[in-house]
């Protein structure tokens, strides 16, 4: 398991699991660094299957949406798949409000995320 | 009892985005906690504050280090009134493309104003458009 300052990355069973380390807020002050760490974890992978686990994340700003979109785009350019899971209801509501739930595959649990990869 | 006990007033000149957010968020959140705002309200207000301050520095002031952002908050048990003012020329929020339209959905930026409007009870951009006034009213319990 690799631990960057803000995320932990585990490569297991053919997929990459990303958790946030001691992060209940994804906002302007930290999201750009987090995005760089995520992209570093994805780069070099062939057809990466990535799960980002949002457990304990309680706040998210529009900057975080933008960063997730960049990560999503990087995964797609590598012909990979991205799943978001364990998103708290208030944050999920923001995804729906911005219609970004149409761009991302959001599932309830980590297990269902892994099961959904094709 | 003095009025001060019933109202939190906070006014600061923010000179830097990072320092500004680090200064404002704890002050506002402490007041929200004191006046009994629930987690949903805290989420909404934190989001609106963040978006407005980021927009002021990034778009209003164009990240010019010589320019400041002024932040004002008046918080009581019924409502939160926030004003954020930058030193830019102002803008017309009606000119911002709708980020929920299909052709804009994949653009990674441009959602801040939309989120502010979605979560606040009242949003007003004051002429010439470099000052935003946002109000959050605590829902009346049924």
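Protein chains in written order, with our numbering: chain A, 1 to 118; chain B, 1001 to 1142.
Glycine residues also receive a C-beta, built at the ideal position from the N, C-alpha and C atoms.
Tell me which residues share the same chain as residue i and place their Cβ nearer than 7 Å to its Cβ, disregarding the 5 neighbours each side in the sequence.
i                       : result
residue 1042 of chain B : 1029 and 1032
residue 35 of chain A   : 67, 70 and 71
In chain order, what residues of the same chain have a beta carbon less than 6 Å from the beta carbon of residue i, not counting five sequence neighbours either side?
i                       : result
residue 1132 of chain B : 1052, 1084 and 1125
residue 1009 of chain B : 1074
residue 1060 of chain B : 1086, 1088 and 1130
In the DSSP assignment, find the unbroken alpha helix (DSSP H) run with residue i in it and report its ends.
i                       : result
residue 1050 of chain B : 1039 to 1055
residue 77 of chain A   : 62 to 77
Tell me where the beta strand (DSSP E) around residue i begins and ends.
i                       : result
residue 88 of chain A   : Per DSSP, residue 88 of chain A belongs to no beta strand (DSSP E) and is neither H nor E.
residue 1143 of chain B : Past the boundaries of the shown model lies residue 1143 of chain B; chain B is included only from 1001 to 1142, so the question cannot be answered.
residue 15 of chain A   : 15 to 20
Between which residues of its own chain and residue i is the CB-CB distance below 8 Å, once the five residues before and five after are set aside?
i                      : result
residue 109 of chain A : 85 and 86
State buried or exposed for residue i, treating a residue as buried only when at least 16 other CB atoms are found within 10 Å of its CB.
i                       : result
residue 1001 of chain B : For residue 1001 of chain B, the predicted model reports a pLDDT of 42, less than 50, meaning its position is unreliable and no value from the coordinates is stated.
residue 47 of chain A   : exposed
residue 19 of chain A   : buried
residue 1019 of chain B : exposed
residue 98 of chain A   : buried
residue 130 of chain A  : For residue 130 of chain A there is no data in the structure shown, the boundaries of chain A being 1 and 118.
residue 44 of chain A   : exposed
From the beta carbon of residue i, is the nearest beta carbon of chain B less than 8 Å away?
i                     : result
residue 94 of chain A : yes
residue 66 of chain A : yes
residue 41 of chain A : no
residue 32 of chain A : no
residue 70 of chain A : yes
Is there a Cβ from chain A that is less than 8 Å from the Cβ of residue i?
i                       : result
residue 1130 of chain B : no
residue 1005 of chain B : no
Sequence ranges, alpha helix (DSSP H) only - wholly within the segment 1052 to 1096 of chain B, length at least 4: none
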